[in-house]
Amino acid sequence: MARVVYPKVVTANHLLEGDVIYMTASGEWSRKHEDAQLYEDKNEAEAALKIAKGQAHMLAGPYLADAQIGENGKPEPVHFREAFRTRGPSNYPNHGKQAEV
Amino acid sequence: MYNYNQFDHDFVRNRVKEFRGQVERRLDGSLTEDEFKPLRLMNGLYLQLHAYMLRVAIPYGTLNSRQMNQLAMISEKWDKGYGHFTTRQNIQYNWPKLKDTPDILDALADVEMHAIQTSGNCVRNVTADHFAGAAADEIEDPRPTAELLRQWSMDHPEFQFLPRKFKIAMTGSPNDRAVTKAHDIGIRMVRNDKNEPGYEILIGGGLGRTPMIGKVVREFLPKENLLPYVEAILQVYNLNGRRDNKYKARIKILVHETGIDTLRGWIEEVFKTQKAHHQAPPAEMIEAIEAQFQPPEFDTAKVDEDKLSKIISADPLLRSFVETNVSEHFDSNHSIVTISLKPIGGTPGDATAEQMRIMAGLAEAYGYDELRVSHEQNIILPHVRRDDLPEIYKVLKEAGLATANVGLLSDMIACPGMDYCALATARSIPVAQELLNAFEDLKVQQDIGPLKIKISGCINACGHHHVGHIGILGLDKAGVESYQITLGGDGTETATIGERAGPGFSYEEIVPAVSRIIDRYMDIRESGDDTFLDVYRRVGADVFKDALYPEEAASA
Ligand code: HEM
Ligand code: SF4
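Structure below.
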């Protein structure tokens, strides 16, 4: 079975809070996955990751994560690990991003 | 307990100052994450999935009330009002902000604590029995020896670049509560034919990717020979341990590939020369260490046991608490109380700031100011007068801390897993919670009897799943959480690595699967005293596998 190749988002942890962040189309950072810019093109994704790697003063550990367009037309994670990162710990519904929605 | 001397004070304060400078340089961008990461790890600061995490060392799991109160204060001031006690006998804060961590470290130093993770491939923090210095079955308190080893290994120039990290665990009792057989070196206090105390030495235990039970390398080592002997083990390991492959670098692989008998010969050879050249630590040093771990001056007034037993039998909840959470102390007027951090629906090992203060208050009022953290993620009051048990129970109950489940099914170990840990391949805490909910009724648990369930969220095995009677390992199977069950593991003096039961279960299937194992056990045991482990050892794995995989059993 050939592995499906998914589009990518650039994600990292915010330097001060350690919170999960995503790179948007304008190159800003958002705490919401749905604001992320989705890269279909591998080279574009790599180029965006390189920019993120140059922003060490505000983030840590940037990488490319699989994502896809969800039902609401906005990017959503593919893997469960990335889905957990959009929410927070499942044992404390009032901690992490899930607390804000 | 161990009090800092001037050297320790200066060392810790200087480290905080140094780290403050490093954080400032990271924040202004002059240090990259690659440069900063090893520096923060040396100070116990990890970056996890959703936030930073600070791991605070609690040597030998020993704390006083002032320290516990400070841990509570830190959790309120800089975190979310709780802390997580772990299997490495330490506490972790899950939500500190980077800029606050130097202040947290200063607040820890105020009460003689730190987060210095003796990181790297050196001898790590020595762990010890959480009942040390109190247990009725103890030959001697292992902590002075553990502290001697710590002082000897810290900054030992020869052993800073071992093939891999090196963990030592110690127990002073024949009943092994420190999992000594799953450490690089396990030290167990024993007596020889002449009734002299000494050590049995095991090497090559470990969990993780390649789980192994430690093997006895020396049946009896006189106390005064400990340092030259441990030095001999480390020299042999340093020279012969594999450096070509990180996964084969622990001493367990050397033991496995070379054989314990050959290795014993090498170690004894080196030990002979070591012993001849070794300068014993000065007697004053040993005495000074021993003085730090002296038992408190016990109140010797005789406990009125008749009166006490009347009070206890009048209250069924108190009675069940005393039966499960209270252990025998070497002094007959005293007992050891284990405070369970596994309430139904809670997260194993978590305590709120308020609960920490209540436990600190109990230690101060009734416990000679001593508390312990156990590797099973509970808190211990090691010395309490037996006639204070009813009052202690009352206070604990009001604080939601009186769950009478120590040693029972719901007294589980679970690692942080994918709710926090960046290395995780699956979640572990919610599996523990769902199991807790499924077996909510304490009466049912008491009927099931002693049972240890241990859960890890990846192969690193921080949750000790290999030595759980029922072990659960969370994996990522093609993008879906999958849980593998091991059966028959044991972390005590009869240590065994559990056997893999077969294909994994999905998140939805794992709790019913565990229930099927327990149902089968309940069906086939001969009496209430016939424990799960006894039955498993008697009937073997197949009976349980049939229960786990009924379809295969039916078609076979
Ligand atoms: C959350 C961040 C954590 C990380 C990144 C982490 C990482 C690791 C790694 C990589 C190993 C394997 C070492 C080896 O086999 O050479 C390990 C082992 C271990 N960890 Fe953790 N761990 C974490 C949390 C914990 C926690 C919370 C506990 C206690 C509950 C813990 C207890 C242990 C123990 C007891 C082992 C030893 C298993 C052995 O004998 O090899 N760890 N950890
Ligand atoms: S076992 Fe794995 S998931 Fe659990 S804490 Fe250790 S490294 Fe993280």
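Protein chains in written order, with the numbering used here: chain G, 1347 to 1447; chain Z, 92 to 647.
The beta carbon of each residue, even a glycine, is placed where N, CA and C say it ideally should be.
Predicted model, so just to flag it, every value in this text is computed and none were measured.
Bridge partners - residue i, DSSP secondary structure assignment
{"i": "residue 1354 of chain G", "result": "G:1385 and G:1412"}
{"i": "residue 1421 of chain G", "result": "G:1415"}
{"i": "residue 596 of chain Z", "result": "Z:574"}
{"i": "residue 425 of chain Z", "result": "Z:476"}
{"i": "residue 1394 of chain G", "result": "DSSP, once it has assigned bridges, lists no residue as partnering residue 1394 of chain G."}
{"i": "residue 279 of chain Z", "result": "Z:262 and Z:291"}
{"i": "residue 1406 of chain G", "result": "G:1359"}
{"i": "residue 420 of chain Z", "result": "Z:226"}
Residue range of the unbroken beta strand (DSSP E) whose run includes residue i
{"i": "residue 288 of chain Z", "result": "288 to 294"}
{"i": "residue 385 of chain Z", "result": "First-last for residue 385 of chain Z: undefined, no H or E at that position."}
{"i": "residue 568 of chain Z", "result": "561 to 568"}
{"i": "residue 650 of chain Z", "result": "This structure cannot settle anything about residue 650 of chain Z, because the visible part of chain Z is limited to 92 through 647."}
{"i": "residue 463 of chain Z", "result": "462 to 464"}
{"i": "residue 146 of chain Z", "result": "143 to 147"}
{"i": "residue 1430 of chain G", "result": "Residue 1430 of chain G -> not in any beta strand (DSSP E); alpha helix (DSSP H) instead, spanning 1426 to 1433."}
CA-to-CA distance, residue j to residue i, given in whole angstroms
{"i": "residue 541 of chain Z", "j": "residue 414 of chain Z", "result": "12 Å"}
{"i": "residue 254 of chain Z", "j": "residue 336 of chain Z", "result": "9 Å"}
{"i": "residue 1442 of chain G", "j": "residue 1386 of chain G", "result": "29 Å"}
{"i": "residue 1404 of chain G", "j": "residue 1396 of chain G", "result": "14 Å"}
{"i": "residue 339 of chain Z", "j": "residue 252 of chain Z", "result": "16 Å"}
{"i": "residue 182 of chain Z", "j": "residue 510 of chain Z", "result": "17 Å"}
{"i": "residue 440 of chain Z", "j": "residue 177 of chain Z", "result": "6 Å"}
{"i": "residue 586 of chain Z", "j": "residue 293 of chain Z", "result": "12 Å"}
{"i": "residue 1361 of chain G", "j": "residue 506 of chain Z", "result": "25 Å"}
{"i": "residue 429 of chain Z", "j": "residue 641 of chain Z", "result": "39 Å"}
{"i": "residue 304 of chain Z", "j": "residue 228 of chain Z", "result": "23 Å"}
{"i": "residue 463 of chain Z", "j": "residue 158 of chain Z", "result": "11 Å"}
{"i": "residue 384 of chain Z", "j": "residue 314 of chain Z", "result": "17 Å"}
{"i": "residue 1368 of chain G", "j": "residue 448 of chain Z", "result": "39 Å"}
{"i": "residue 179 of chain Z", "j": "residue 470 of chain Z", "result": "13 Å"}
{"i": "residue 628 of chain Z", "j": "residue 120 of chain Z", "result": "59 Å"}
{"i": "residue 1426 of chain G", "j": "residue 154 of chain Z", "result": "39 Å"}
{"i": "residue 403 of chain Z", "j": "residue 419 of chain Z", "result": "16 Å"}
{"i": "residue 160 of chain Z", "j": "residue 594 of chain Z", "result": "46 Å"}
{"i": "residue 1384 of chain G", "j": "residue 1407 of chain G", "result": "19 Å"}
{"i": "residue 1375 of chain G", "j": "residue 598 of chain Z", "result": "33 Å"}
{"i": "residue 476 of chain Z", "j": "residue 401 of chain Z", "result": "16 Å"}
{"i": "residue 240 of chain Z", "j": "residue 369 of chain Z", "result": "15 Å"}
{"i": "residue 276 of chain Z", "j": "residue 222 of chain Z", "result": "20 Å"}
{"i": "residue 355 of chain Z", "j": "residue 269 of chain Z", "result": "24 Å"}
7 Å Cβ cutoff met for residue i and residue j
{"i": "residue 1398 of chain G", "j": "residue 124 of chain Z", "result": "no"}
{"i": "residue 453 of chain Z", "j": "residue 486 of chain Z", "result": "yes"}
{"i": "residue 1355 of chain G", "j": "residue 1421 of chain G", "result": "yes"}
{"i": "residue 206 of chain Z", "j": "residue 134 of chain Z", "result": "yes"}
{"i": "residue 289 of chain Z", "j": "residue 346 of chain Z", "result": "no"}
{"i": "residue 683 of chain Z", "j": "residue 412 of chain Z", "result": "In the structure as shown, chain Z starts at 92 and stops at 647, and residue 683 of chain Z therefore has no counterpart that could be examined."}
{"i": "residue 579 of chain Z", "j": "residue 589 of chain Z", "result": "yes"}
{"i": "residue 479 of chain Z", "j": "residue 399 of chain Z", "result": "no"}
{"i": "residue 431 of chain Z", "j": "residue 535 of chain Z", "result": "no"}
{"i": "residue 564 of chain Z", "j": "residue 607 of chain Z", "result": "no"}
{"i": "residue 601 of chain Z", "j": "residue 574 of chain Z", "result": "yes"}
{"i": "residue 184 of chain Z", "j": "residue 145 of chain Z", "result": "yes"}
{"i": "residue 637 of chain Z", "j": "residue 644 of chain Z", "result": "yes"}
{"i": "residue 165 of chain Z", "j": "residue 142 of chain Z", "result": "no"}
{"i": "residue 427 of chain Z", "j": "residue 457 of chain Z", "result": "no"}
{"i": "residue 318 of chain Z", "j": "residue 243 of chain Z", "result": "yes"}
{"i": "residue 635 of chain Z", "j": "residue 611 of chain Z", "result": "yes"}
{"i": "residue 501 of chain Z", "j": "residue 548 of chain Z", "result": "no"}
{"i": "residue 140 of chain Z", "j": "residue 517 of chain Z", "result": "no"}
Enclosing alpha helix (DSSP H) for residue i [first to last residue]
{"i": "residue 114 of chain Z", "result": "97 to 118"}
{"i": "residue 127 of chain Z", "result": "124 to 133"}
{"i": "residue 635 of chain Z", "result": "633 to 639"}
{"i": "residue 138 of chain Z", "result": "No alpha helix (DSSP H) holds residue 138 of chain Z; the beta strand (DSSP E) holding it covers 136 to 138."}
{"i": "residue 452 of chain Z", "result": "444 to 457"}
{"i": "residue 244 of chain Z", "result": "234 to 244"}
{"i": "residue 183 of chain Z", "result": "No alpha helix (DSSP H) holds residue 183 of chain Z; the beta strand (DSSP E) holding it covers 182 to 184."}
{"i": "residue 355 of chain Z", "result": "351 to 368"}
{"i": "residue 546 of chain Z", "result": "Note, residue 546 of chain Z: premise wrong, no alpha helix (DSSP H); beta strand (DSSP E) at 544 to 547."}
Practice task
Take every Cβ of the segment 1413 to 1433 of chain G, pair it with every Cβ of the segment 1375 to 1395 of chain G, and state whether three or more of those distances are shorter than 8 Å.
Solution key: By the C-beta criterion, the segment 1413 to 1433 of chain G is judged to be in contact with the segment 1375 to 1395 of chain G, since at least 3 inter-stretch pairs fall below 8 Å.
Exercise for the section: Specify whether the segment 538 to 552 of chain Z and the segment 617 to 626 of chain Z touch according to this definition: at least 3 beta carbon pairs, one from each stretch, less than 8 Å apart. Expected result: At 8 Å Cβ cutoff, the stretches touch.
Problem - Three CB pairs or more closer than 8 Å across the segment 190 to 199 of chain Z and the segment 436 to 451 of chain Z - result: In this structure the segment 190 to 199 of chain Z does not touch the segment 436 to 451 of chain Z; the number of beta carbon pairs closer than 8 Å is below three.
Problem - Stretch pair the segment 307 to 323 of chain Z + the segment 352 to 368 of chain Z: three plus CB contacts closer than 8 Å - result: Output reads yes: the segment 352 to 368 of chain Z touches the segment 307 to 323 of chain Z.
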